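Participant: Residue 24 is where the sequence shown starts when you use the numbering used here, and the numbers rise one by one after that. Pasting a structure here, questions to come.
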Amino acid sequence: VTKIEDGRFNFVIAISVLAHFSEERTVAWFTELARMIKKGGYILFTTHGYTSLKKYHDVEKVMAGDRYEFLVQKLGGVGFNFNGFPKTNYNKDLDLDHFGMTYYTPNWFERSLGKLFTIEGFLPGRLNNNQDVFVVRKR
(Lines of atoms letter the chains of each structure in order from A; the text may use other names.)
(Lines give C-alpha, C1' and ligand atoms only; values in the text may rest on other atoms or scores of the structure.)
Protein backbone atom coordinates (compact mmCIF):
# COMPACT_ATOMS: atom_id res chain seq x y z
CA VAL A 24 0.00 0.00 0.00
CA THR A 25 1.34 3.40 -0.98
CA LYS A 26 0.65 6.29 1.37
CA ILE A 27 -0.81 9.33 -0.36
CA GLU A 28 1.02 12.46 0.65
CA ASP A 29 -0.63 15.17 2.73
CA GLY A 30 -2.56 17.81 0.79
CA ARG A 31 -2.39 15.91 -2.51
CA PHE A 32 -5.96 16.50 -3.74
CA ASN A 33 -8.14 19.51 -4.44
CA PHE A 34 -11.32 17.48 -4.93
CA VAL A 35 -12.46 13.97 -3.96
CA ILE A 36 -15.67 12.20 -5.04
CA ALA A 37 -17.13 9.33 -2.99
CA ILE A 38 -20.45 8.06 -4.36
CA SER A 39 -22.16 5.53 -2.07
CA VAL A 40 -18.91 4.78 -0.26
CA LEU A 41 -19.25 6.78 2.95
CA ALA A 42 -22.84 5.52 3.22
CA HIS A 43 -21.75 2.13 4.53
CA PHE A 44 -19.40 2.56 7.49
CA SER A 45 -19.89 2.54 11.24
CA GLU A 46 -19.65 5.86 13.01
CA GLU A 47 -16.11 5.08 14.15
CA ARG A 48 -14.99 4.26 10.60
CA THR A 49 -16.90 7.18 9.08
CA VAL A 50 -15.01 9.61 11.32
CA ALA A 51 -11.72 7.79 10.59
CA TRP A 52 -12.29 7.98 6.82
CA PHE A 53 -13.10 11.69 6.91
CA THR A 54 -10.07 12.33 9.11
CA GLU A 55 -7.86 10.55 6.57
CA LEU A 56 -9.50 12.42 3.69
CA ALA A 57 -8.83 15.70 5.52
CA ARG A 58 -5.16 14.77 5.64
CA MET A 59 -5.01 14.08 1.90
CA ILE A 60 -7.01 17.13 0.76
CA LYS A 61 -5.47 20.58 0.43
CA LYS A 62 -6.78 23.34 2.69
CA GLY A 63 -9.88 24.69 0.96
CA GLY A 64 -10.30 21.47 -1.04
CA TYR A 65 -13.63 19.71 -1.46
CA ILE A 66 -15.30 16.34 -1.06
CA LEU A 67 -18.50 15.50 -2.88
CA PHE A 68 -20.05 12.43 -1.26
CA THR A 69 -23.38 10.69 -0.86
CA THR A 70 -25.00 8.96 2.07
CA HIS A 71 -28.37 7.74 3.24
CA GLY A 72 -30.69 10.09 5.09
CA TYR A 73 -34.39 10.83 5.49
CA THR A 74 -35.09 10.50 1.75
CA SER A 75 -33.57 7.01 1.73
CA LEU A 76 -35.66 5.99 4.72
CA LYS A 77 -38.83 7.20 3.05
CA LYS A 78 -37.96 5.43 -0.20
CA TYR A 79 -37.19 2.11 1.50
CA HIS A 80 -40.40 2.32 3.55
CA ASP A 81 -42.95 3.90 1.19
CA VAL A 82 -41.74 2.98 -2.29
CA GLU A 83 -39.67 -0.20 -2.10
CA LYS A 84 -41.56 -1.61 0.90
CA VAL A 85 -38.38 -3.17 2.31
CA MET A 86 -38.54 -1.47 5.71
CA ALA A 87 -41.16 -2.23 8.35
CA GLY A 88 -43.08 0.66 9.87
CA ASP A 89 -41.64 0.24 13.37
CA ARG A 90 -38.08 0.17 12.00
CA TYR A 91 -38.82 3.25 9.89
CA GLU A 92 -40.19 5.16 12.90
CA PHE A 93 -37.19 4.13 15.03
CA LEU A 94 -34.72 5.39 12.42
CA VAL A 95 -36.60 8.65 11.83
CA GLN A 96 -36.50 9.31 15.58
CA LYS A 97 -32.83 8.37 15.84
CA LEU A 98 -31.85 10.65 12.97
CA GLY A 99 -33.84 13.45 14.60
CA GLY A 100 -31.89 12.91 17.83
CA VAL A 101 -28.39 11.51 17.47
CA GLY A 102 -28.33 12.06 13.70
CA PHE A 103 -26.50 8.81 12.91
CA ASN A 104 -27.49 5.16 12.59
CA PHE A 105 -25.46 2.16 11.48
CA ASN A 106 -26.50 -1.47 11.02
CA GLY A 107 -23.99 -4.08 9.89
CA PHE A 108 -25.04 -6.29 7.01
CA PRO A 109 -25.84 -9.95 7.78
CA LYS A 110 -22.98 -12.31 6.96
CA THR A 111 -23.34 -14.15 3.65
CA ASN A 112 -20.98 -15.98 1.28
CA TYR A 113 -20.84 -12.74 -0.71
CA ASN A 114 -19.48 -10.61 2.13
CA LYS A 115 -17.78 -13.17 4.38
CA ASP A 116 -14.42 -11.36 4.21
CA LEU A 117 -15.79 -7.96 5.28
CA ASP A 118 -15.71 -6.56 8.80
CA LEU A 119 -19.48 -6.38 9.30
CA ASP A 120 -19.04 -4.67 12.65
CA HIS A 121 -18.06 -1.64 10.57
CA PHE A 122 -19.61 -2.20 7.13
CA GLY A 123 -23.34 -2.07 6.49
CA MET A 124 -26.09 0.50 6.03
CA THR A 125 -25.48 3.98 7.41
CA TYR A 126 -27.79 6.98 7.72
CA TYR A 127 -26.68 10.42 8.88
CA THR A 128 -27.74 14.03 8.84
CA PRO A 129 -25.98 17.34 8.19
CA ASN A 130 -26.33 18.10 11.91
CA TRP A 131 -24.40 14.96 12.83
CA PHE A 132 -21.73 15.81 10.26
CA GLU A 133 -21.31 19.33 11.63
CA ARG A 134 -21.12 18.10 15.25
CA SER A 135 -18.72 15.25 14.48
CA LEU A 136 -16.55 16.65 11.71
CA GLY A 137 -17.12 20.41 11.77
CA LYS A 138 -13.58 21.03 13.01
CA LEU A 139 -12.29 19.53 9.75
CA PHE A 140 -14.92 20.54 7.19
CA THR A 141 -17.70 23.00 6.47
CA ILE A 142 -20.81 21.96 4.57
CA GLU A 143 -20.97 24.02 1.39
CA GLY A 144 -23.91 22.20 -0.18
CA PHE A 145 -26.52 19.65 0.79
CA LEU A 146 -29.05 18.16 -1.63
CA PRO A 147 -31.43 15.69 0.08
CA GLY A 148 -32.17 12.60 -1.99
CA ARG A 149 -30.51 14.03 -5.10
CA LEU A 150 -28.77 10.78 -6.07
CA ASN A 151 -31.51 8.64 -7.67
CA ASN A 152 -34.18 10.07 -5.35
CA ASN A 153 -32.38 8.18 -2.61
CA GLN A 154 -29.00 9.23 -1.26
CA ASP A 155 -28.24 12.73 -0.04
CA VAL A 156 -25.44 14.64 -1.76
CA PHE A 157 -23.01 16.64 0.38
CA VAL A 158 -20.32 19.03 -0.76
CA VAL A 159 -17.90 19.84 2.05
CA ARG A 160 -14.81 22.04 2.15
CA LYS A 161 -11.73 21.40 4.24
CA ARG A 162 -11.06 24.13 6.79
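Where is the CB? At the ideal position from N, CA and C, for every residue including glycine. No experiment lies behind these values; they were computed from the predicted model shown.
Take the Cβ of I60 as the centre, count every other Cβ of all protein chains shown within 10 Å, and call the residue buried at 16 or more, exposed below.
Facilitator: buried
Participant: State yes or no: is the C-beta of T74 within less than 8 Å of the C-beta of I38?
Facilitator: The beta carbons of T74 and I38 sit no closer together than 8 Å.
Participant: Looking only at its own chain, which residues have a Cβ that is under 8 Å from the Cβ of L150, when we skip the five neighbours before and after it?
Facilitator: The answer, listed in chain order, is I38, S39, T69 and V156.
Participant: Looking at C-beta atoms only, is the number of pairs between the region 75-83 and the region 47-60 that lie closer than 8 Å three or more?
Facilitator: Contact between the region 75-83 and the region 47-60 is absent, because fewer than three Cβ pairs lie under 8 Å.
Participant: Among all the DSSP beta bridges, which residues are the ones paired with Q154?
Facilitator: L150
Participant: Do I66 and V159 have their CB atoms nearer than 8 Å?
Facilitator: Against a cut-off of 8 Å, the Cβ pair of V159 and I66 comes out as a contact.
Participant: Considering just the uninterrupted stretch of the beta strand (DSSP E) at Y113, what are its terminal residues?
Facilitator: Y113: not part of any beta strand (DSSP E); DSSP gives it neither H nor E.
Participant: How far does the alpha helix (DSSP H) with G100 in it extend, from its first residue to its last?
Facilitator: G88 to G100
Participant: Rounded to whole angstroms, what is the Cα-Cα separation between G88 and F103?
Facilitator: Computed Cα separation, rounded: 19 Å.
Participant: Is it true that the region 137-152 meets the region 117-125, where meeting means three or more beta-carbon pairs spaced less than 8 Å apart?
Facilitator: With contact defined as three or more Cβ pairs closer than 8 Å, the region 137-152 and the region 117-125 are not in contact.
Participant: Where does T25 land, buried or exposed, given buried means 16+ other C-beta within 10 angstroms?
Facilitator: In the assembly as shown, T25 is an exposed residue. Its beta-carbon has fewer than 16 other beta-carbons within 10 Å.
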